[in-house]
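> Before we start, here is the structure in question, set down as structure tokens.
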Amino acid sequence: MNKERILGQHLTSTSIFKRFILPKIKDKLKDYAWVDLYCGEGNLILPILETIKTEERENFFSEHIFLFDSDSEMIEKAVQNAIKLGISEELARKNIKQHDSLASFPKIESKFPIFHITNPPYLYIGYIQKNAKQHLKYFQDKNKGYQDLYQIALINDLKNNIEKSVYIIPSNFLFSSSGTNKIRRDFLQAYKITNAVIFEKKIFENTGTNVAIFWFEKKQESKKPIKFTALKITENEEKRREYSLTYENNYRAGSEFSEFCNNQNNNLRVNYYLMQSEVEKNSGNTEIEVINSNKYKNNKYSKEVIRVNEKLAAKIKNNILFIRTVDSGSNLRAGLYEIKDEFKVDGILVSIPYRTNPIQLFFTPELSIEQQIKLKDYFNSKLEELREKTDSEFMTTYKYSKAKYTRKYLGLSQVKKLIQTFSLD
Ligand SMILES: C[S@@+](CC[C@H](N)C(=O)[O-])C[C@H]1O[C@@H](n2cnc3c(N)ncnc32)[C@H](O)[C@@H]1O
Numbered sequence: 002m003n004k005e006r007i008l009g010q011h012l013t014s015t016s017i018f019k020r021f022i023l024p025k026i027k028d029k030l031k032d033y034a035w036v037d038l039y040c041g042e043g044n045l046i047l048p049i050l051e052t053i054k055t056e057e058r059e060n061f062f063s064e065h066i067f068l069f070d071s072d073s074e075m076i077e078k079a080v081q082n083a084i085k086l087g088i089s090e091e092l093a094r095k096n097i098k099q100h101d102s103l104a105s106f107p108k109i110e111s112k113f114p115i116f117h118i119t120n121p122p123y124l125y126i127g128y129i130q131k132n133a134k135q136h137l138k139y140f141q142d143k144n145k146g147y148q149d150l151y152q153i154a155l156i157n158d159l160k161n162n163i164e165k166s167v168y169i170i171p172s173n174f175l176f177s178s179s180g181t182n183k184i185r186r187d188f189l190q191a192y193k194i195t196n197a198v199i200f201e202k203k204i205f206e207n208t209g210t211n212v213a214i215f216w217f218e219k220k221q222e223s224k225k226p227i228k229f230t231a232l233k234i235t236e237n238e239e240k241r242r243e244y245s246l247t248y249e250n251n252y253r254a255g256s257e258f259s260e261f262c263n264n265q266n267n268n269l270r271v272n273y274y275l276m277q278s279e280v281e282k283n284s285g286n287t288e289i290e291v292i293n294s295n296k297y298k299n300n301k302y303s304k305e306v307i308r309v310n311e312k313l314a315a316k317i318k319n320n321i322l323f324i325r326t327v328d329s330g331s332n333l334r335a336g337l338y339e340i341k342d343e344f345k346v347d348g349i350l351v352s353i354p355y356r357t358n359p360i361q362l363f364f365t366p367e368l369s370i371e372q373q374i375k376l377k378d379y380f381n382s383k384l385e386e387l388r389e390k391t392d393s394e395f396m397t398t399y400k401y402s403k404a405k406y407t408r409k410y411l412g413l414s415q416v417k418k419l420i421q422t423f424s425l426d
């Protein structure tokens, strides 16, 4: 398990390769050298052999298949798998080699252009700094600023002028910002995406990371938008969605939300949480009924009565909204709600803040009750509109769960930005 984690060894099932990748390459098998620089047991390339006549396989393999992995055990398994498919051991060992492909590009002797099909290791730099320091060397010099091993794999392809590739990598490559802006900006100026399959469900046994398959093709360096259609696969449906990624937006998908939030209409300050410490500092004689969001039992938050001074009592009573940051069921959507409606109390107390619990909002300057209700209606309808438009892509998929629906999480800074687009006039 540990080795799996440190080397990012999550193997692709051959069925994924056969359903999504093979049909798109089967007519050009003899035109390329099929390479996987992080091959594991060879699941992403060796099944090609099944489509080649038995008597031609040895020849085909010698010119068209080249596999590498840094782990000798994986190499041994890949060699055995090639042998099972009819390749001689000598040739299997010649074209399937142990190599550190993140450090350098291996020598590949083939007259055909390389087509790289891979599912490289994924390991976030934060994790590497704490638990896998041996990988820090890949992030030095020109690779400074990249955030994950898979990004090093991509950028090595760019440096080595690989024309075509298929990568299975975290879908965050397309959707997130801070950790992926640099790789998208650098890589997608040189490559276009011609096709993608985005999984919103688990495809590897031991990791809940959502992944996507991307088809990349070298283009003339350019800042033109990249347009492509992707197949999106969730637990219960498959649909097609069009994407247009722009250089100005760091080629990030789902940017409609942040673009909309540029229309800032007010300067409201929003503070989150009624903290236990604030209640203690403002003790007094006014009784207020609250729920304690850290105490959840039998599907309910427990109710408490707190005693505070008049100033804090007024502040609690005058701020009537809470934010639900996570969809909690098919009909309990993320959004703004009234505390009274939902919990029949005036406030939501927390001792330890959790961003996924209901959170009371406090506005400065204060808003009238009427304004807050208008804000709530505005916020929820805008949020739904943007979710509809982008298939909720600006939200984070919140943990993998067996539930039928996909739970989406709206970040607190996004909540603030959307609130700031509300016109107070
Ligand atoms: C996510 S697995 C995928 C394996 C295979 N491509 C598949 O899809 O089944 C990543 C593989 O990269 C290998 N790996 C990790 N670091 C490597 C490095 N520096 N050079 C080459 N391979 C490496 C791991 O041993 C692992 O087998």
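Just add 1 to wherever you are in the sequence shown, counting from 1, and you've got the numbering used here. For glycine and all other residues, C-beta sits at the position ideal for the given N, C-alpha and C.
Return the CA-CA distance between E51 and G180, expressed in angstroms with no decimal places.
If you number the sequence shown from 1, residue 51 lands on position 50. If you number the sequence shown from 1, residue 180 lands on position 179. In a straight line, the C-alpha of E51 is about 39 angstroms away from that of G180.
> Am I right that L30 and T119 are in contact with their C-beta atoms under 8 angstroms? What's the rounded C-beta distance?
Along the sequence shown, read from residue 1 onward, the residue named residue 30 stands at position 29. Along the sequence shown, read from residue 1 onward, the residue named residue 119 stands at position 118. Between T119 and L30 the Cβ distance is about 17 angstroms, and since that is not below 8 angstroms, they are no contact.
> Using only alpha-carbon positions, find the residue among N196, L159 and Q10 that is nearest to Q221.
As a position in the sequence shown, residue 221 is number 220, starting the count at 1. Out of N196, L159 and Q10, L159 has the C-alpha closest to the C-alpha of Q221.
> Where I126 and N182 are concerned, what is the direct C-alpha to C-alpha distance, given to the nearest angstrom?
Against the sequence shown, residue 126 aligns to sequence position 125. Against the sequence shown, residue 182 aligns to sequence position 181. Straight-line Cα distance between these residues: approximately 15 angstroms.
> Just to check, is the beta-carbon of Q10 closer than 7 angstroms to a non-hydrogen atom of ligand 1?
Within the sequence shown, numbered from 1, the residue matching residue 10 stands at position 9. Indeed, a heavy atom of ligand 1 lies less than 7 angstroms from the Cβ.
> Cβ of L313 within 8 angstroms of Cβ of E339?
Taking the first residue of the sequence shown as 1, we reach residue 313 at position 312. Taking the first residue of the sequence shown as 1, we reach residue 339 at position 338. Against a cut-off of 8 angstroms, the Cβ pair of E339 and L313 comes out as no contact.
> To the nearest angstrom, how far is the alpha carbon of R308 from that of E290?
Taking the first residue of the sequence shown as position 1, residue 308 is located at position 307. Taking the first residue of the sequence shown as position 1, residue 290 is located at position 289. When rounded, the distance between both Cα atoms is 9 angstroms.
> Excluding the 5 residues flanking N293 on each side, which residues of the same chain have their C-beta closer than 7 angstroms to its C-beta?
Position 292 of the sequence shown, counting from 1, holds the residue named residue 293. The answer, listed in chain order, is Y302, S303, E305 and L350.
> From which residue to which residue does the beta strand (DSSP E) around D392 run?
Within the sequence shown, the letter at position 391 stands for residue 392. Run containing D392: none; DSSP gives neither H nor E here.
> Just the Cα atoms here: how many angstroms apart are L384 and S245?
The count along the sequence shown starts at 1 and reaches residue 384 at position 383. The count along the sequence shown starts at 1 and reaches residue 245 at position 244. Between L384 and S245, the C-alpha separation is close to 21 angstroms.
> Got a sec, what are the start and stop residues for the beta strand (DSSP E) Y274 sits in?
For the purposes of this step, residue 274 is taken as residue 273 along the sequence shown, with counting starting at 1. Element bounds for Y274: n/a, residue is neither H nor E.
> Measuring alpha carbon to alpha carbon, tell me which residue in G348, I321 and P354 is nearest I374.
Here residue 374 refers to the residue found at position 373 when the sequence shown is read from its first residue. Out of G348, I321 and P354, I321 has the C-alpha closest to the C-alpha of I374.
> Cβ of P121 within 7 angstroms of any heavy atom in ligand 1?
Taking the first residue of the sequence shown as position 1, residue 121 is located at position 120. Yes, the beta carbon of P121 sits closer than 7 angstroms to at least one heavy atom of ligand 1.
> Check the C-beta distance from E42 over to K78 and give it rounded, since I have them as a contact under 8 angstroms.
Along the sequence shown, read from residue 1 onward, the residue named residue 42 stands at position 41. Along the sequence shown, read from residue 1 onward, the residue named residue 78 stands at position 77. At roughly 4 angstroms, the Cβ-Cβ gap stays under 8 angstroms, so E42 and K78 are in contact.
> Note down the Cα distance separating E260 from D187, rounded to an integer number of angstroms.
Stepping through the sequence shown from its first residue, residue 260 is reached at position 259. Stepping through the sequence shown from its first residue, residue 187 is reached at position 186. Taking the straight line from one Cα to the other gives about 22 angstroms.
> Confirm the yes/no value for this check: CB of H100, any heavy atom of ligand 1, distance under 7 angstroms.
By 1-based counting over the sequence shown, the position of residue 100 is 99. Yes, ligand 1 has a heavy atom inside 7 angstroms of this Cβ.
> Would you say the beta carbon of H69 is closer than 7 angstroms to some non-hydrogen atom of ligand 1?
Within the sequence shown, numbered from 1, the residue matching residue 69 stands at position 68. Correcting the residue type first, residue 69 is Phe in the shown sequence and not His. Checking every heavy atom of ligand 1 against the Cβ of F69, one is found closer than 7 angstroms.
> Counting Cβ pairs closer than 8 angstroms, one from the stretch 268-285 and one from the stretch 347-366, do we hit at least three?
Yes: at least three Cβ pairs fall under 8 angstroms.
> In the DSSP assignment, find the unbroken alpha helix (DSSP H) run with Q415 in it and report its ends.
Taking the sequence shown and counting its residues from 1, the one referred to as residue 415 is at position 414. It spans L413 to I420 - the alpha helix (DSSP H) in which Q415 sits, taken as one unbroken run.
> What are the uninterrupted segments assigned as alpha helix (DSSP H) that are 4 or more residues long and contained completely in the stretch 104-176, given in chain order?
Taking only runs of at least 4 residues, the alpha helix (DSSP H) segments lying wholly in the stretch 104-176 are 126-132, 150-160 and 173-176.
> So, is K108 buried or exposed, given that buried needs 16 or more other C-beta atoms within 10 angstroms?
The count along the sequence shown starts at 1 and reaches residue 108 at position 107. When all chains shown are included, K108 counts as exposed.
> Given 8 angstroms as the limit, is there contact between the stretch 128-145 and the stretch 51-66, that is, 3 or more CB pairs closer than that?
With the cut-off at 8 angstroms, the stretch 128-145 and the stretch 51-66 do not touch.
> For N267 and Q141, which I take to be in contact (beta-carbon distance under 8 angstroms), what is that distance rounded to the nearest angstrom?
Within the sequence shown, numbered from 1, the residue matching residue 267 stands at position 266. Within the sequence shown, numbered from 1, the residue matching residue 141 stands at position 140. Wrong, their Cβ atoms sit about 45 angstroms apart, outside the cutoff.
> Is the beta carbon of I156 closer than 8 angstroms to that of Y123?
By one-based count along the sequence shown, residue 123 stands at place 122. By one-based count along the sequence shown, residue 156 stands at place 155. Not in contact: Y123 and I156 (Cβ atoms no closer than 8 angstroms).
> Let's see if you can read the secondary structure: which residues bound the alpha helix (DSSP H) around D187?
Locating residue 187 in the sequence shown gives position 186, where the first residue counts as 1. Counting along the chain, the alpha helix (DSSP H) containing D187 begins and ends at N182 to F188.
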